[in-house]
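Right, one structure below, let's go through it.
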Amino acid sequence: MVLFLLLFLAPLGYAAYLSLFRERLIGGTAFVGLDNYAQALSDPQFLHGVGRVALFFVVQVPVMLLLALAFALALDSGLLRLARVIRLGVFVPYAVPSVVAALMWGYLYGPDFGPFAQLGRELSLPVPDFLSDGWMLGSLANIVTWEFVGYNMIILYAALRTVPEELYEAAAVDGAGAWRIAWSIKLPALRPALMLTLLFSVIGSFQLFNEPKLLMNIAPDVISSSYTANLYAYTLAFTGQQVNYAATVSFLLGLVIVIASYAVLLTANRRRTS
Amino acid sequence: MPQNTSTSMSGPSPMSRRLFLGTTGALSLGAALTACGGSDSADSAGSGKPVARADIDKAMKTPTELTFWTWVPNIDKEVALFEKRYPAVKVKVVNAGQGTPQYTKLRTALKAGSGAPDLVQIEYQAIPTFTITNSLLDLRPYGATALKSTFVDWTWSQISGSDGEIWAIPQDTGPMGMLYRQDIFDRHGIDVPGTWDEFAAAARKLHKADPDVLLTNLAANQVAAWHGLLWQAGAKPYVTSGKSDIAISVDDAVSRKLGAYWGGLAKEGVIGVEPDFTDSWYAALNKGKYATWITAAWGPVFLSGSAKATAGKWRAAPLPQWDAAEPSSGNWGGSTTAVIRSTKNPVAAAVFAQFLNTDPASAKMFATEQFFFPATDALLKDTEFVSDAPSFYGGQKVNQVFADISSTVNSSFQWPPFLDQAATDWTETVGKSLADRTDTVRALGSWQSRLTSYAKNQGFTVKGS
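Heads up: the protein sequence lines correspond to chains A and B, in order. Quick note on numbering that gives the first Met the number 0: the first sequence kicks off at 0 and runs consecutively. Quick note on numbering that gives the first Met the number 0: the second sequence kicks off at 0 and runs consecutively.
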């Protein structure tokens, strides 16, 4: 309980406290009540940032979870050759720090000397500019997917391993094939694990930071300092020295995440009961 | 920053030993002569009165440990010289990151009220962002006034406050010049441009002759280069008076001239606009995509380390000029040593900051070991330094070129007390217009209005504009 208070509630309370003030370079600190919140709720940079990560979530997460599910089911089916190698291979990107991953992909995306661009030139194929306005969100989604498919796969795969063998045997006796088993036994068994990966993904998406922050170095004109809500909070605190407003934005972002998580849980539960 | 290996200097020569003694003498004299003044009050450390020689001597013999945040590689060698001279004082060197990351940590420590070092390495442009928060110690009482003539004029105005405070001691500088590919120029019959008009004509000519090669790259993420070019053109984008008054004019006639010029070349597609210091940019330099690099005095050593494939093909020249009759240049980079006001050992810290950058042996070591471009007049005239003729530049005396440029750097340029914000706003307005090849002059207006509203929000009185 003490730990919970110290590590969780205290920083949260402090952030909430900070968000009620406004410190300026000239004139010092003043209590401003909820002014910062009013400002944030009509701040286009904050709202665009939240909108962008919401879009990111809607597109990237289903792709990533479907891939993870496909890998988990394939591995669990035992029909795959080199299962160990594949399992490790899919998981390894998760072990690569996201900073390194973003740097590596940034290099691969390079429009002049990046391998994709060079290959495209060799083969006279048009290669899109992955770092341009139109492609950037997709390029980021690709990096995040690459990083986290393995992680989610392991969670789903572990859940599959807990399904009792008898169920499969009974299904086989009833004449069910591999697809039927996957659909009627494995997927229902995976529901709690899928829920978990989905929640992690909500939080991860809305907190998107490392990847855009690093790609910002190579595409500064595409990724602005408020590209994602989290990046915006960071910029406010460390570039603009607006610590109080940064606390406000972080607090609101936390609120958005709580609401989004709750909405996801609610939809999933409703679907199950209906 | 420069970090490759090359010839290293042996110990101090008799000559520098003599200079060394001279400087320490001047130091004590300065301490005795410094008139009192300055606006510091409250804390005893910055009372403005000159500290007596006897007190300095006493402090330097008292066992003390100083913490010094710096990102200079192998600075232990210079520190060792100091510790040899003042055995009672130990200096703990900490690398807290380079540039912005270090400033961020410093700001956090200052706010927290503990964990701040006694001294920090700080770039010229960052000084006002720390003086506005009252974080630096005025070094006048410790004899810094006497050092004025030691340094290149314009560096001294960079570290001086509006009431004559001395906020830091210059360490190295980055007067701007142009590195160019002699082979590419020869191949296409291009003369080294002396004016920006000639430069623009050369850009068009080169692009027509070979679309794969561009005359230069003006990085859309590099506000420091833009500031340097503004500096050269004589702009005064930020003029502060008093503590809370600032005139922001990043959209004045001089800025618009630059905006129209560079924005125009970018729009025509005859120059590159890719972000610098990235993999792609390094590859471009190595593969000859750019025929020049508009850079600073630290550029030659940096380039010879990162574009090895092009050794022997580069040469150095001054920046093209707006007015060839009155050559001028700007500065990009370089740093100083400052004492943090909260230090418990102001005397030892102040003496260290001065020794590190003015002791001839130590100053020379920065030039020969770390390849820093000097801030002291003596080194800029040191024959050993200026006659260095690296083969990467075909035996050209590159240091001499930049030493000559250093004397043409405009000394009236000022930085705003919120440089990070100015940089971010530049990248998202002016930089973006270059990258997108849209209207740069109009983008200057957005930069101006974003900065103005930020400054007002922070409580400044914004004048003019």
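Each residue gets a CB set at the ideal place from its N, CA and C atoms; glycine is no exception. Remember, predicted model here, so these are calculated numbers, not experimental data.
{"Check": "Of the residues A/Val221, A/Ser260, A/Asn209 and A/Tyr244, the one placed nearest A/Val31, counting alpha carbons only", "Outcome": "A/Tyr244"}
{"Check": "Length at least 3, wholly inside the region 301 to 360 of chain B: the beta strand (DSSP E) runs in chain order", "Outcome": "313 to 317 and 334 to 338"}
{"Check": "Pair within 8 Å by beta-carbon distance, B/Ile158 and B/Ala167", "Outcome": "yes"}
{"Check": "Reduced DSSP category for A/Leu285 - H, G, I as helix; E, B as strand; rest coil", "Outcome": "Since the first and last residues shown for chain A are 0 and 273, residue 285 of chain A lies out of range."}
{"Check": "Reference A/Pro110, options A/Val98, A/Ser123, A/Val99 and A/Leu130, closest by Cα", "Outcome": "A/Leu130"}
{"Check": "Proximity of A/Arg51 and A/Leu136 at Cβ, strictly below 8 Å", "Outcome": "yes"}
{"Check": "Through-space distance from A/Ser260 to A/Thr196, alpha-carbon basis", "Outcome": "11 Å"}
{"Check": "Cβ pair A/Val248, A/Phe45 closer than 8 Å", "Outcome": "yes"}
{"Check": "Backbone CA spacing between B/Phe276 and B/Ser254 [nearest angstrom]", "Outcome": "25 Å"}
{"Check": "8 Å Cβ cutoff, B/Phe351 in contact with chain A", "Outcome": "no"}
{"Check": "Among B/Ile247, B/Val119, B/Phe67 and B/Thr103, nearest to B/Ser448 - alpha-carbon criterion", "Outcome": "B/Ile247"}
{"Check": "Where B/Gly332 falls, given that 16 or more other Cβ within 10 Å makes a residue buried", "Outcome": "buried"}
{"Check": "Cα-Cα separation between A/Phe20 and A/Phe250, rounded to whole angstroms", "Outcome": "14 Å"}
{"Check": "Closer than 7 Å: A/Leu78 CB and nearest the ligand SAM heavy atom", "Outcome": "Absence of the ligand SAM is noted for the structure shown, with no ligands found whatsoever."}
{"Check": "Interface residues of the region 5 to 35 of chain A facing chain B [CB-CB below 7 Å]", "Outcome": "Arg23, Leu24, Ile25 and Gly26"}
{"Check": "Span of the beta strand (DSSP E) around A/Ala158", "Outcome": "A/Ala158 -> not in any beta strand (DSSP E); alpha helix (DSSP H) instead, spanning Asp132 to Arg160."}
{"Check": "CB contact check: B/Gly24 to chain A, cutoff 8 Å", "Outcome": "For B/Gly24, the predicted model reports a pLDDT of 38, less than 50, meaning its position is unreliable; a value from the coordinates is still stated below. Closer than 8 Å: no."}
{"Check": "Within-8 Å CB hit, A/Phe208 to chain B", "Outcome": "no"}
{"Check": "Cβ-based burial, A/Asp75 [other Cβ within 10 Å; buried from 16]", "Outcome": "buried"}
{"Check": "8 Å Cβ cutoff met for B/Val175 and B/Pro319", "Outcome": "The sequence as given places Met at residue 175 of chain B; Val does not occur at that position. In this structure, B/Pro319 does not lie closer than 8 Å to B/Met175 by Cβ."}
{"Check": "Rounded C-alpha distance that separates A/Leu78 from A/Leu107", "Outcome": "33 Å"}
{"Check": "Contact residues within the region 99 to 110 of chain A, judged by C-beta distance below 9 Å to chain B", "Outcome": "Leu102, Gly105, Tyr106, Gly109 and Pro110"}
{"Check": "Cut-off 6 Å between Cβ atoms - residues of its own chain near B/Ala306, not counting five sequence neighbours on either side", "Outcome": "Leu284 and Asn285"}
{"Check": "Backbone CA spacing between B/Ile74 and B/Thr132 [nearest angstrom]", "Outcome": "28 Å"}
{"Check": "Chain B contact for A/Phe90 (CB, 8 Å cutoff)", "Outcome": "no"}
{"Check": "Three-state secondary structure (DSSP) of A/Phe22", "Outcome": "Contrary to the premise, residue 22 of chain A reads as Glu rather than Phe in this sequence. Residue state, collapsed to three classes: strand."}
{"Check": "is_contact[A/Asp220, chain B] using C-beta, thresh 8 Å", "Outcome": "yes"}
{"Check": "Among A/Ser18, A/Phe7 and A/Ala157, the one whose alpha carbon lies nearest that of A/Ala188", "Outcome": "A/Ala157"}
{"Check": "Within chain B, the residues that A/Thr234 reaches when beta carbons sit closer than 8 Å", "Outcome": "Thr423"}
{"Check": "Contact with chain A by B/Gln457, beta-carbon distance below 8 Å", "Outcome": "yes"}
{"Check": "Under 7 Å (Cβ pairs) to chain A, residues found in the region 253 to 286 of chain B", "Outcome": "Pro274, Thr277, Asp278, Ser279, Ala282 and Ala283"}
{"Check": "Exposure label - A/Leu252; buried when at least 16 CB within 10 Å", "Outcome": "buried"}
{"Check": "Residues that B/Ile293 bridges to, as DSSP identifies them", "Outcome": "B/Met177"}
{"Check": "Whole-number beta carbon distance between B/Ala218 and B/Glu267, since they are thought to touch under 8 Å", "Outcome": "That pair is no contact at about 18 Å."}
{"Check": "Runs of alpha helix (DSSP H) lying entirely within the region 45 to 109 of chain A, each at least 4 residues, in chain order", "Outcome": "82 to 94 and 97 to 108"}
{"Check": "Against chain B: residues of the region 108 to 140 of chain A by CB proximity under 8 Å", "Outcome": "Gly109, Pro110, Asp111, Phe112 and Gly113"}
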